[in-house]
């Protein structure tokens, strides 16, 4: 995997904001962000959030439409390539590391 694909995924020094809250609510509506963005607070639809929900089953229609508009055809095979830049998405382990860093205790 290229270094571009891993940019910001496991670099705790990149964070400039307070930690996000971890949730596991399958009834909540999930919003999409680019996993390589420095901040995960602003979703594709523009909504600001403070939570990472790892159990989402339903996604925001506006986020999905925005992803499809950025990269036509993305909805046919989500998860393979980033709708923002077309690069391969980081693997699940790297994403899990980023989630742990974003929701973990503050570093001193």
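In the UniProt record's numbering, the protein residues as written are 1 to 108. Glycine included, each C-beta is placed from N, C-alpha and C at the ideal position. Bear in mind that the values here come from a model prediction, so they are computed numbers and not experimental data.
| query | result |
| --- | --- |
| With respect to the alpha helix (DSSP H) encompassing residue 64, which residues constitute its N-terminal and C-terminal limits? | 61–70 |
| Give the straight-line distance between the Cα atoms of residue 92 and residue 37, rounded to the nearest whole angstrom. | 16 Å |
| Under three-state DSSP, which class holds residue 48? | strand |
| In its own chain, which residues sit with a C-beta less than 6 Å from the C-beta of residue 63, not counting the 5 before and 5 after it? | 31, 32, 43, 44, 45 |
| If you draw a straight line from the alpha carbon of residue 51 to that of residue 67, how long is it in whole angstroms? | 20 Å |
| Please check if any C-beta of chain C sits within less than 7 Å of the C-beta of residue 55. | Annotation note: the requested chain C is absent from the structure, which comprises a single protein chain. |
| So for residue 32, helix, strand or coil by DSSP? | coil |
| By the three-class DSSP mapping on this structure, what secondary structure does residue 94 have? | helix |
| Give the straight-line distance between the Cα atoms of residue 60 and residue 29, rounded to the nearest whole angstrom. | 6 Å |
| So, is residue 21 buried or exposed, given that buried needs 16 or more other C-beta atoms within 10 angstroms? | exposed |
| When we look at the beta-carbon of residue 120 and count the other beta-carbons within 10 Å, is it buried (16 or more) or exposed? | Since the first residue shown for the chain is 1 and the last is 108, residue 120 is missing from the structure and cannot be characterised. |
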